[in-house]
Amino acid sequence: MGAVVEELTDRYGPLPEPAGRLVAVARLRLLCRSVGITEVSAPSATTLRLAPMTLADSAQLRLKRLHPAASYRATTATIQVPIPRAGSSVGAPRIRDVELVQMVADLISALEGKPQGHVDVTGPAAVDNAAAPAGRR
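So for the sequence shown, the working numbering puts the first residue at 1290; every next one is plus one.
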């Protein structure tokens, strides 16, 4: 993925914003595939669902620490996480676009035991090891 983005940037200059969002989503899809997640959806305007994702007890505790309002259902291997707000005020809009994609990538990395920021799906120099199997990163 990085080589494609580098070639496009070299040939045509900086990527337009819509193309950058497309690249971020493609990188997130590679990350999801590498950990076995087949569904990332928004069943409502305020909630994200990730499935299937089986969490060990330590990962469940990490999920609750990172997102206290999140829920995990072991029977369906489903995680539901509220979409965070863009600011600290009550009426602030929810994050979206590349910020939301990066939040999902950070959540997956954290639940896999990786440090926050391990995978940057939004930047031009984003980590391409997102597609590597979990034990080979």
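Glycine included, C-beta positions come from ideal geometry on N, C-alpha and C.
Query raised in the report: Who are Pro1332's beta bridge partners in DSSP?
Result: In DSSP, Pro1332 forms no bridge with anything.
Given Met1369, which residues of its chain have a CB within under 6 angstroms of its CB, disregarding the five upstream and five downstream residues?
Rather than Met, the amino acid found at residue 1369 in this sequence is Gln. Within the same chain, Gln1369 has close Cβ partners Thr1336, Arg1338, Ser1360.
Proximity of Arg1385 and Arg1374 at Cβ, strictly below 8 angstroms:
no
- Message: Comparing C-alpha positions only, which one of Ala1399, Pro1341, Gln1405 sits nearest to Thr1364?
- Response: Pro1341
Please report the straight-line C-alpha distance between Asp1299 and Leu1396, rounded to a whole angstrom. 32 angstroms
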